[in-house]
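Basically my numbering = 1-based index in the sequence shown + 11.
Built from N, CA and C at the ideal position, the CB exists for glycine as well.
Computed from a predicted model, the values in this text were never measured in an experiment.
Here the structure comes first, spelled out in structure tokens, and everything after it is commentary.
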Amino acid sequence: MALRSLTGIKPTGEIHLGNYLGAIRPGLALQDRYTAYYFVADYHALTSVMDPQELRLASRTIAATFLAFGLDPSSHVLFMQSAVPEVCELTWILSCQIPPGVLDRGHAVKAARDAGRDINVGTWMYPVLMAADILLYDSDVVPVGSDQRQHVEVARDIAIKVNHRYGDGTLRVPEVSIQEQGAAIPGLDGRKMSKSYQNVIGLWQNPKKLRKQIMRIVTDSRGVDDPKDPDSDTTFQLYALFAEPEAVADLRQAYLQGGLGYGHAKAALFEVLNEHLALPRDHFHHWMDHPSDLDDVLDAGAVRARAAARETLDRVRSRVGLK
Ligand code: AMP
Numbered sequence: 012m013a014l015r016s017l018t019g020i021k022p023t024g025e026i027h028l029g030n031y032l033g034a035i036r037p038g039l040a041l042q043d044r045y046t047a048y049y050f051v052a053d054y055h056a057l058t059s060v061m062d063p064q065e066l067r068l069a070s071r072t073i074a075a076t077f078l079a080f081g082l083d084p085s086s087h088v089l090f091m092q093s094a095v096p097e098v099c100e101l102t103w104i105l106s107c108q109i110p111p112g113v114l115d116r117g118h119a120v121k122a123a124r125d126a127g128r129d130i131n132v133g134t135w136m137y138p139v140l141m142a143a144d145i146l147l148y149d150s151d152v153v154p155v156g157s158d159q160r161q162h163v164e165v166a167r168d169i170a171i172k173v174n175h176r177y178g179d180g181t182l183r184v185p186e187v188s189i190q191e192q193g194a195a196i197p198g199l200d201g202r203k204m205s206k207s208y209q210n211v212i213g214l215w216q217n218p219k220k221l222r223k224q225i226m227r228i229v230t231d232s233r234g235v236d237d238p239k240d241p242d243s244d245t246t247f248q249l250y251a252l253f254a255e256p257e258a259v260a261d262l263r264q265a266y267l268q269g270g271l272g273y274g275h276a277k278a279a280l281f282e283v284l285n286e287h288l289a290l291p292r293d294h295f296h297h298w299m300d301h302p303s304d305l306d307d308v309l310d311a312g313a314v315r316a317r318a319a320a321r322e323t324l325d326r327v328r329s330r331v332g333l334k
């Protein structure tokens, strides 16, 4: 059987550059070597999105984003998580295999508590649902940003435990894949780019807004003539992820020697990013403007995903003694 990769994005808030660099770009790069499963994590979003209209729109936005960046739906599988309710059954089976302490230590719960947000049982169960996402599709590799390492490790631990208890091959043990570049993209304020910090650079805004947002990136107070540290500067770090190596080397040099203001660096970042996003932006709007084409892709993906899920779930049910 071909090796499988799995990438999921939660449809909450605006899709941003961190999602693209941490998960979508590395996920799509695996299309050559893997049968790639991409899903919109709408069950996960239910822990925080309580408005049905908002959930529907955000879900379609994520699906269109994958396609806009080049997901080939004829060879790979794009689907809504909730189109495969088998994942909930596997979640229950897996939840019977782990002690509650694992979930108390989950970083989604911790982050919500630290921010003083109310959590629900869904937030607490998040790592089990994510383990079920990964294990249901017999995933070999899961490309994520470094913030998700812990969750993929929970999935690995559960799979190892289940295999020990119910026999080798009950579940496939996945590998986490974290790109060195793009593992933790900084946001406008220099902290990790995150919807919860409201510091994101959105992917699909028009060029005028994109430029405005880039101009808001926080810098230190060094003036135009001062030498600057490229490695601690958000603008430079983002520029380095999009520009050609020669241009990156030139900008690094200009930072180190002084004579270039942050405003110029931001303008250069805008140019390179806007160019990178121009064609995907057209594709994105095409998919959003043709809802029945998008539905066709998602329906076909759901059929394939569900067939794969059924195989795993039948195997697991039988091994644990459910039939
Ligand atoms: P989420 O938006 O939480 O569903 O995250 C979807 C994917 O984007 C996950 O693989 C995250 O690791 C990745 N991601 C989110 N924010 C960042 C960031 N600032 N840097 C790198 N990856 C990120």
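Report, in whole angstroms, the separation of the C-beta atoms of L66 and V60, which I expect to be a contact under 8 angstroms.
On the sequence shown, residue 66 is found 55 positions in, with the first residue counted as 1. On the sequence shown, residue 60 is found 49 positions in, with the first residue counted as 1. Yes, L66 and V60 are in contact; Cβ-Cβ is about 5 angstroms, under 8 angstroms.
Whose CA, out of S86, A318 and Y208, lies closest to the CA of R126?
Counted from its first residue, the sequence shown places residue 126 at position 115. Note that residue 126 is Ala in the sequence shown here, rather than Arg. Out of S86, A318 and Y208, Y208 has the C-alpha closest to the C-alpha of A126.
Do A119 and T102 come within 9 angstroms of each other at the CB atom, strictly closer than that value?
Here residue 102 refers to the residue found at position 91 when the sequence shown is read from its first residue. Here residue 119 refers to the residue found at position 108 when the sequence shown is read from its first residue. Cβ atoms of T102 and A119: not closer than 9 angstroms.
For the beta strand (DSSP E) holding S188, just list the boundary residues, first then last.
The sequence position of residue 188 within the sequence shown is 177, counting from 1. First-last of the beta strand (DSSP E) with S188: E186 to S188.
Considering only residues of the segment 72–151, which uninterrupted alpha helix (DSSP H) runs meet the minimum length of 4 residues and lie entirely inside it, listed in chain order?
Fully enclosed alpha helix (DSSP H) runs of 4 or longer: 97–106, 111–115, 118–125 and 132–147.
Please confirm whether any heavy atom of the ligand AMP lies closer than 8 angstroms to the CB of K206.
Taking the first residue of the sequence shown as 1, we reach residue 206 at position 195. Indeed, a heavy atom of the ligand AMP lies less than 8 angstroms from the Cβ.
At a threshold of 8 angstroms, does T134 count as lining the ligand AMP (C-beta to nearest heavy atom)?
Numbered from its first residue, the sequence shown carries residue 134 at position 123. Every heavy atom of the ligand AMP is 8 angstroms or more from the Cβ of T134, so no.
Verify whether the separation of the beta carbon atoms of Q192 and L252 is less than 9 angstroms.
Taking the sequence shown and counting its residues from 1, the one referred to as residue 192 is at position 181. Taking the sequence shown and counting its residues from 1, the one referred to as residue 252 is at position 241. Yes, they are a contact pair.
In the DSSP assignment, what residue or residues form a beta bridge with G213?
Along the sequence shown, one-based indexing puts residue 213 at 202. G213 is bridged to H27.
Under 8 angstroms Cβ to Cβ from V98, same chain only, skipping five residues before and after it: list those, please.
On the sequence shown, residue 98 is found 87 positions in, with the first residue counted as 1. Closer than 8 angstroms at Cβ, skipping near neighbours: Y54, Q92, L140, A143, D144, L147 and A320.
Looking only at its own chain, which residues have a Cβ that is under 8 angstroms from the Cβ of V308, when we skip the five neighbours before and after it?
Translated into positions along the sequence shown, residue 308 becomes position 297. Result list for V308: A74, L78, P84 and L89, in chain order.
In this structure, how does DSSP classify A170 when only helix, strand and coil are distinguished?
One-based indexing of the sequence shown puts residue 170 at position 159. A170 falls in the helix class under three-state DSSP.
Going by C-alpha distance, which of Q42, T76 and D43 is nearest D300?
One-based indexing of the sequence shown puts residue 300 at position 289. Out of Q42, T76 and D43, T76 has the C-alpha closest to the C-alpha of D300.
Under 8 angstroms from any heavy atom of the ligand AMP, does the C-beta of S157 make it?
On the sequence shown, position 146 is the one that residue 157 refers to. Indeed, a heavy atom of the ligand AMP lies less than 8 angstroms from the Cβ.
Can you name, in chain order, every residue of its own chain whose Cβ lies under 6 angstroms from the Cβ of T230, other than the five neighbours on each side?
Within the sequence shown, residue 230 is the residue found at index 219, counting from 1. Within the same chain, T230 has close Cβ partners Y273.
Beta carbon of P197: closer than 8 angstroms to some heavy atom of the ligand AMP?
Indexing the sequence shown from 1 puts residue 197 at position 186. Flag set: Cβ of P197 near the ligand AMP.
Around the Cβ of S150, are there at least 16 other Cβ atoms within 10 angstroms (buried) or fewer (exposed)?
The sequence position of residue 150 within the sequence shown is 139, counting from 1. When all chains shown are included, S150 counts as buried.
For the segment 38–47 against the segment 197–205, do three or more pairs of beta-carbon atoms, one drawn from each stretch, fall closer than 8 angstroms, so that the two count as touching?
These segments do not touch.
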